[in-house]
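Enquirer:
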Amino acid sequence: MGVDTWVQAGMAVVGAVGGIVAARSARRTKRQERRDDFTAVTGQMEKTIQRLESRMEDRELEAERQRDRIGQQDAAIGWLLSRVRSLTGYIRQRGMEPPAPDPVPLEAREYIRNLDA
Numbered sequence: 000m001g002v003d004t005w006v007q008a009g010m011a012v013v014g015a016v017g018g019i020v021a022a023r024s025a026r027r028t029k030r031q032e033r034r035d036d037f038t039a040v041t042g043q044m045e046k047t048i049q050r051l052e053s054r055m056e057d058r059e060l061e062a063e064r065q066r067d068r069i070g071q072q073d074a075a076i077g078w079l080l081s082r083v084r085s086l087t088g089y090i091r092q093r094g095m096e097p098p099a100p101d102p103v104p105l106e107a108r109e110y111i112r113n114l115d116a
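Take the sequence shown: its position 100, counting from 1, is numbered 99 in numbering that gives the first Met the number 0, and each next residue is one higher.
1) How many whole angstroms separate the CB atoms of residue 90 and residue 97, which I take to be in contact at a CB cut-off of 8 Å?
2) Look at the alpha carbon of residue 83 and the alpha carbon of residue 105, and state the distance between them as a whole number of angstroms.
3) Within the same chain, show all residues whose beta-carbon is closer than 6 Å to that of residue 20, passing over the 5 residues directly before and after it, in chain order.
4) Using beta-carbon positions only, say whether residue 111 and residue 79 come within less than 8 Å of one another.
5) Is residue 96 helix, strand or coil when you go by DSSP?
6) Between residue 54 and residue 38, what straight-line distance do the alpha-carbon atoms span, to the nearest angstrom?
7) Is residue 1 helix, strand or coil by DSSP?
8) Helix, strand or coil: how does DSSP classify residue 101 here?
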């Protein structure tokens, strides 16, 4: 074996060691991996929180619409009861007897009793 062979072998070893050192320095450290994991988890949490906030806003809007609708229905029922009472009074004033009312359903008794007050 000549000097050229030894030089080439030495250069190959130096190149291989240099490649290993370069690969080792390019590898991510544990700290970098943890930081990336934290960033990923934080991003997912932010998306989840935004989705939940959006759902909550939708539910609050729906609840507000339902409260408005219930208020309007309450006013309609009150007006209908008042109208029925005035018509019954008018019929009695004319000397006639109004038709017998249908029985009030159990579900409606509480609300009609509250409206009478």
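Ideal Cβ placement from N, Cα and C applies to all residues, glycine included.
Expert: Quick answer:
1) 4 Å
2) 19 Å
3) none
4) no
5) coil
6) 24 Å
7) coil
8) coil
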